[in-house]
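First up is the structure itself, then whatever we jot down about it.
Numbering (the numbering used here), first residue to last: 6 to 184.
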């Protein structure tokens with residue numbers, strides 16, 4: 006599942022780079038401010054992560070995006086660190102951005118133990134209406150893909166989504182694939 010998020014993030018970063026490259030001779034068609042892995046939480050620093058400083062760092066990024074006249078901002082996941090109750094602080098910082106903000110989820114955005122109701126609450130609290138989003142801005146269409154859709158951590162054990170992810174992981178293991 007972690008590998009899926011990494012692939013999604015790389016795809017989005019490469020897409021943003023391609024958009025910029027295509028437009029470099031006439032100036033950018035679309036400027037996207039990308040953020041990822043904020044991991045905001047009300048807990049002590051650990052393994053080099055300063056969880057409580059995340060909101061300030063996001064605020065600094067928004068200041069840069071504003072100076073650069075960014076058209077939209079996209080978060081690539083892991084806004085919080087396993088506690089959706091920490092999201093209200095990050096959400097208040099997002100409201101400082103003068104433009105649309107789009108979000109996809111990462112594995113740290115989900116809450117253990119994993120029940121369908123608890124996982125659905127993450128989407129509601131973060132204001133994500135659809136797991137897959139199509140955004141048309143200026144002459145560009147962006148697709149935001151949910152890398153958590155087929156993952157063990159985003160579904161309760163025994164649910165259809167969990168079983169689907171388990172079958173895929175077992176199949177990959179049986180085939181000797183890395184995952």
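For glycine and all other residues, C-beta sits at the position ideal for the given N, C-alpha and C.
All values derive from a computational prediction rather than experimental measurement.
Considering only their Cβ atoms, is the gap separating residue 111 from residue 151 smaller than 8 Å? Walking along the chain shown from the start, residue 151 turns up at place 146. Walking along the chain shown from the start, residue 111 turns up at place 106. Contact: no.
Cutting at 6 Å between CB atoms, please list the residues of its own chain near residue 40, excluding the five before and the five after it. Looking up residue 40 in the chain shown gives position 35. These residues qualify, in order along the chain: 66 and 80.
Beta-carbon separation of residue 77 and residue 133 under 8 Å? The residue you call residue 77 lines up with position 72 of the chain shown. The residue you call residue 133 lines up with position 128 of the chain shown. Taking 8 Å as the Cβ cut-off, residue 77 and residue 133 do not qualify as a contacting pair.
Range of the contiguous alpha helix (DSSP H) that encloses residue 127: Position 122 of the chain shown, counted from the start, is the residue given in the question as residue 127. Run containing residue 127: 121-130, per the alpha helix (DSSP H) assignment.
Outcome for residue 159 when other beta-carbon atoms lying within 10 angstroms are tallied against a minimum of 16: Mapped onto the chain shown, residue 159 falls at position 154. Residue 159 is buried by the Cβ-count criterion.
Excluding sequence positions up to five away, which residues of its chain have a Cβ less than 6 Å from the Cβ of residue 42? Position 37 of the chain shown, counting from 1, holds the residue named residue 42. Once the five neighbours on either side are set aside, the close Cβ partners of residue 42 are 83.
Within the same chain, show all residues whose beta-carbon is closer than 7 Å to that of residue 35, passing over the 5 residues directly before and after it, in chain order. Indexing the chain shown from 1 puts residue 35 at position 30. Around residue 35: 24, 76, 142, 143 and 145.
Same chain, Cβ closer than 7 Å to residue 167, five either side skipped, listed in chain order: Here residue 167 refers to the residue found at position 162 when the chain shown is read from its first residue. If we look at residue 167 and ignore the five residues flanking it on each side, its Cβ neighbours are 157, 160 and 161.
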